[in-house]
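Contents: one structure, followed by commentary.
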Amino acid sequence: MKLQKTKIVDTFAEAFGMSAARVVITADSAKWALAAARSMTGFATSVIGCKCEAGIERELPAEATPDRRPGFSVLLFAMDAEGVGKRLVERIGQCVMTCPTTSCFNGLEAEKRVSVGGKLRFFGDGYQIAKRLDGRRYWRVPVMDGEFLVADRFGVQPAVGGGNLLILGRDRPGALAAAEAAAAAMREVPGVILPFPDGVVRSGSKVGSRYKTLIASTNDAYCPSLRGAVAESQVPEDVACVLEIVIDGLDLKAVESAMRRGLEAAAGAGAAQVSAGNYGGSLGQFHIKLKDLVE
Amino acid sequence: MGLKLTLRNQPEVPLEAEAISPDRLDGMEPAEAGALAVQHGNQKATLGDFFRIEAHDADELRVEGDLSRVKLLGAGMSRGRVVIQGDVGLHLGAVMSGGEILVEGRAGDWVGPEMRGGRIIVKGDAGHAVGSAYRGSQIGMRGGEIIVHGRAGNEVGNTMRNGLIAIGGDCGDFAGVNMLAGTIVVLGALGIRSGAGMKRGSIVAMGGAEPLPTFSRACRYQPSYLRLYLLHLRRLGLPVEDGQIDGLYDRWCGDSIELNRGELLVRQG
Chain A
14 MKLQKTKIVD TFAEAFGMSA ARVVITADSA KWALAAARSM TGFATSVIGC KCEAGIEREL
74 PAEATPDRRP GFSVLLFAMD AEGVGKRLVE RIGQCVMTCP TTSCFNGLEA EKRVSVGGKL
134 RFFGDGYQIA KRLDGRRYWR VPVMDGEFLV ADRFGVQPAV GGGNLLILGR DRPGALAAAE
194 AAAAAMREVP GVILPFPDGV VRSGSKVGSR YKTLIASTND AYCPSLRGAV AESQVPEDVA
254 CVLEIVIDGL DLKAVESAMR RGLEAAAGAG AAQVSAGNYG GSLGQFHIKL KDLVE
Chain B
663 MGLKLTLRNQ PEVPLEAEAI SPDRLDGMEP AEAGALAVQH GNQKATLGDF FRIEAHDADE
723 LRVEGDLSRV KLLGAGMSRG RVVIQGDVGL HLGAVMSGGE ILVEGRAGDW VGPEMRGGRI
783 IVKGDAGHAV GSAYRGSQIG MRGGEIIVHG RAGNEVGNTM RNGLIAIGGD CGDFAGVNML
843 AGTIVVLGAL GIRSGAGMKR GSIVAMGGAE PLPTFSRACR YQPSYLRLYL LHLRRLGLPV
903 EDGQIDGLYD RWCGDSIELN RGELLVRQG
């Protein structure tokens, strides 16, 4: 199957059920809101090593935020709601509360909710103040630039993590250009994040390792330098570089939409092949076939 | 389908009409509603003795006329919407827990005393003791919102513990007296002795205030939470200006004769 001149491999991405929250960070300026959002989403590339996956979803104009200040929305994913709650407390406490002028709001209405402000309030050492407005509870935590306003609870909903595309290029600049184009197109889709550095990961992994202590190790089948050394290399002879884009989304539709846009953009940028990573279909709940996306 | 009540006989003395509430009238035919008991001074009477009652299309309860002698309208209501076309008397929405009351005119004393939830909007002025505790009660308003577009009298939010009271104009003396928590926003000026004896809670004044000597000035700053409240009030139709949302406020901590955890926020610029 071809899309423009790019071969689309007849395979599927294997994605997993996760839980997700949306955090809206506002500040006196977009600069400080972005500083907090970047800090909060740092070291959040993979649940394997970071306990969560997080990224900036989009910039919000002042008119679209609860307090009419510039803001950013952040999506955070973990394997269950409890995990989301723990990571939110850690990351909002360490990265948003610490950042000058910020406030932090729940951006997801969901049945399941986890306590965040209700835990962070204790930093106020008894001087914190609860406020309830329009059915929502907030905490005012006194800090050295005034007060940190944070929502008491954040909604958590079922989500989809681990959607992915493998972009194969004839050389590294070509693969990188195709991956950058794909990532840019995918970021336009609401409700998704690309948790790796600027959306792209070069160290794709397989499950397990010859070393007992490791639960994941390099995806040798897609390492061009091992094409002659591994039994079932997936790297064609004319390919010298493979880059992966991982997509987490609030629902399957958002992940599929992002993958479709990524496929088209990668093909438009001249990728040699686009494939997807899976584990034989035995691990993930969601199988996203590339063929269906192209058709 | 709702009911429309039009006052046809002005009561000579106050009429206690807690029967005028969606909880009581929902689903009733006009004749059935007209037979409901009301107290006219020391005499028992029926709603139909004073009101012409008819069905109408909107899903709300409409009450029209000079109701300034009609007390306890909407008292204890938990749901639905009441629209009052005219002035209304004492104890409007007393102890209500849900629903909405809209008054297109003025309201007497004791608007929403010991309210639990819901919303009361008064387009004109309101009397004394808006959202207050009844005499002898330990806790006043516990939730909900009271929005007065005009002025209000003394003792707004006396002993309130939760919820929001907003006054579009000036308010009288002793706003937030003995307040336990909650928020009072006054777009005009506060009278004297505001926040006397308050333990916690917030009183916000746009048009100036004279803090009691038992309040201590903390700083001049932009309280983050206040933006949410002012935007909310603007959505409800109060004339909140951008300068008030982005403005600077002097924070006064008090009352130090109590817990000293309350705050008086006075707009400075």
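Order-wise, the sequence lines are chains A and B. The numbering of the first sequence is this note's numbering, which starts it at 14 and goes up by one. The numbering of the second sequence is this note's numbering, which starts it at 663 and goes up by one. Virtual Cβ for every residue (Gly too), placed ideally from N, Cα, C. No experiment lies behind these values; they were computed from the predicted model shown.
* Residue-chain proximity (S42 (chain A), chain B), Cβ-Cβ < 8 Å -> no
* To do: For W45 (chain A), collect the residues of the same chain with a Cβ closer than 8 Å to its Cβ; drop the 5 residues on either side in sequence, then sort them by chain order.
  => C112, P113, T114, T115
* Every unbroken alpha helix (DSSP H) inside the stretch 79-109 of chain A [4 residues or more] -> Entirely contained in the stretch 79-109 of chain A, the alpha helix (DSSP H) runs reaching 4 residues are, in chain order, 94-104.
* Asked: Per the contact definition of three or more C-beta pairs closer than 8 Å, is the stretch 666-682 of chain B in contact with the stretch 700-716 of chain B?
  -> yes
* chain B contact residues for P79 (chain A), given Cβ-Cβ distances below 7 Å -> L890
* With 7 Å as the limit, tell me which residues of the stretch 138-164 of chain A have their beta carbon closer than that to any beta carbon of chain B; keep them in chain order. => Of all residues in the stretch 138-164 of chain A, K144, R145, L146, D147, Y151, R153, G159, E160, L162 have a Cβ within less than 7 Å of some Cβ in chain B.
* **Under 8 Å by beta carbon: chain B residues contacting S116 (chain A)** => S886
* Go through the stretch 117-166 of chain A residue by residue and report every complete run of the alpha helix (DSSP H) that reaches 4 residues or more, in order. => 130-133
* Asked: In or out: Q286 (chain A) buried (at least 16 other Cβ within 10 Å) or exposed?
  -> buried
* Using a beta-carbon distance cut-off of less than 9 Å, what residues from the stretch 834-852 of chain B approach chain A? -> A843, G844, T845
* Asked: How would you write the range of the alpha helix (DSSP H) that V259 (chain A) sits in, first residue to last?
  -> Not the alpha helix (DSSP H): V259 (chain A) falls in the beta strand (DSSP E), residues 254-262.
* So is Y911 (chain B) in contact with chain A if we call contact Cβ pairs under 8 Å? -> no
* Close beta carbons around R778 (chain B), own chain, < 6 Å, minus the five adjacent residues each side -> S759, R804, G805
* To do: Specify, as a first and last residue, the run of the alpha helix (DSSP H) that M272 (chain A) falls within.
  => 265-281
* To do: Output, in chain order, the set of chain A residues within a Cβ distance shorter than 9 Å of Y883 (chain B).
  => Residues of chain A whose Cβ lies closer than 9 Å to the Cβ of Y883 (chain B) are, in chain order, D158, G159, E160.
* How would you label H718 (chain B), buried or exposed, when you count the other beta carbons within 10 angstroms and need 16 or more for buried? -> exposed
* **Proximity below 8 Å, CB of V154 (chain A) to CB of G137 (chain A)** => Result yes, Cβ atoms of V154 (chain A) and G137 (chain A) sit closer than 8 Å.
* To do: Taking 8 Å as the threshold, find out whether the stretch 138-158 of chain A comes into contact with the stretch 879-892 of chain B through three or more Cβ pairs.
  => Cβ pair count under 8 Å is three or more, so yes.
* Asked: Out of curiosity, what's the CA-to-CA distance linking V36 (chain A) and V87 (chain A)?
  -> 5 Å
* Residues that DSSP places opposite G68 (chain A) in a beta bridge -> A:L88
* Asked: Does A880 (chain B) get closer than 8 Å to chain D when you measure Cβ to Cβ?
  -> The structure shown contains no chain D; the protein chains it does contain are A and B.
* Hey, does N704 (chain B) have any beta-carbon neighbour from chain A nearer than 8 Å? -> no
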